[in-house]
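Residue numbers (our numbering): 132 to 308.
The structure appears right after this line, and notes come after that.
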């Protein structure tokens, strides 16, 4: 897949507090490696990279300005990258994301990160509603198991849902130009 200069790569909620032993992220090393692959491709092609950082209240894993809130060092932002602060799953809700995208002439979004069934889903839905051309990177989003469903089952289920409403492409197939 070739992506043009009106595209941004988004890395959503890949923060230290998301990688806790009690809630293991499905294939976390592969996830981080695939996001790094996307970051390298985007930066080489001078495609904007936008990180979204979730904020939570005191005493929670993503407590604002805590160690858990920090973006995971394996996929650390570069100086030129934009960081958007959010408080709900939808990365557009009460943030400056849409304004920043408009200012930069971005109308295509490539989404990666956490969690498949929460922030990736909510952000992709809202982006489509707002008229963006959305690609979810099939193998660069993840979650943890919930109840009787494994994380792999959840990711597969959401990939089927994503394929019905957005572009769904593997990280190795994405080429920015």
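Where a beta carbon is used, it is the ideal one built from N, C-alpha and C, also for glycine.
Everything numeric in this text was worked out from a predicted model, so none of it was measured.
Would you list the one or two residues that DSSP bridges to residue i?
{"i": "residue 185", "result": "217"}
{"i": "residue 178", "result": "DSSP, once it has assigned bridges, lists no residue as partnering residue 178."}
{"i": "residue 139", "result": "240"}
{"i": "residue 299", "result": "267"}
{"i": "residue 202", "result": "146"}
{"i": "residue 161", "result": "None, per the DSSP bridge assignment."}
Within its chain, find whatever has a CB closer than 8 Å to the CB of residue i; leave out the 5 residues flanking it on each side and keep chain order.
{"i": "residue 165", "result": "243, 268, 270, 271 and 302"}
{"i": "residue 213", "result": "179, 180, 181, 182 and 231"}
{"i": "residue 175", "result": "307"}
{"i": "residue 135", "result": "239 and 308"}
Looking at C-alpha atoms only, which residue of the options is the closest neighbour of residue i?
{"i": "residue 235", "options": "249, 179 and 250", "result": "179"}
{"i": "residue 274", "options": "253, 296, 249 and 260", "result": "249"}
{"i": "residue 147", "options": "198, 137, 298 and 138", "result": "198"}
{"i": "residue 191", "options": "293, 280, 218 and 265", "result": "218"}
{"i": "residue 140", "options": "158, 205 and 240", "result": "240"}
{"i": "residue 229", "options": "259, 203 and 277", "result": "259"}
{"i": "residue 106", "options": "292, 276, 296 and 291", "result": "Because residue 106 is not part of the residues shown, which for the chain are 132 to 308, the question remains open."}
{"i": "residue 169", "options": "189, 216, 207 and 196", "result": "207"}
{"i": "residue 257", "options": "224, 291, 155 and 300", "result": "224"}
{"i": "residue 160", "options": "135, 266, 203 and 279", "result": "203"}
{"i": "residue 142", "options": "255, 189 and 233", "result": "255"}
{"i": "residue 184", "options": "233, 251 and 216", "result": "216"}
{"i": "residue 226", "options": "186, 245, 279 and 145", "result": "186"}
{"i": "residue 200", "options": "261, 280 and 145", "result": "145"}
{"i": "residue 177", "options": "193, 279 and 211", "result": "211"}
{"i": "residue 193", "options": "279, 261 and 245", "result": "245"}
{"i": "residue 261", "options": "279, 280 and 233", "result": "233"}
For residue i and residue j, which I take to be in contact (beta-carbon distance under 8 Å), what is that distance rounded to the nearest angstrom?
{"i": "residue 171", "j": "residue 221", "result": "Rounded, the Cβ-Cβ distance is 28 Å, inconsistent with contact."}
{"i": "residue 205", "j": "residue 167", "result": "7 Å"}
Return the chain-ordered list of same chain residues with a C-beta closer than 7 Å to the C-beta of residue i, the five sequence neighbours on each side being excluded.
{"i": "residue 247", "result": "272, 273, 274, 285, 286 and 289"}
{"i": "residue 299", "result": "267, 269, 290 and 293"}
{"i": "residue 150", "result": "156, 159 and 203"}
{"i": "residue 238", "result": "137, 263 and 264"}
{"i": "residue 173", "result": "140, 180 and 307"}
Using beta carbons (cut-off 8 Å, strictly below), is residue i in contact with chain B?
{"i": "residue 295", "result": "Of the chains in the structure shown, none is chain B; there is only one protein chain."}
In chain order, what residues of the same chain have a beta carbon less than 6 Å from the beta carbon of residue i, not counting five sequence neighbours either side?
{"i": "residue 282", "result": "157, 274, 275 and 276"}
{"i": "residue 162", "result": "273"}
{"i": "residue 195", "result": "186"}
Practice item. For the segment 210 to 275, list the alpha helix (DSSP H) runs that are entirely contained and at least 4 residues long, ordered along the chain. Key: Runs found: 228 to 234 and 252 to 260.
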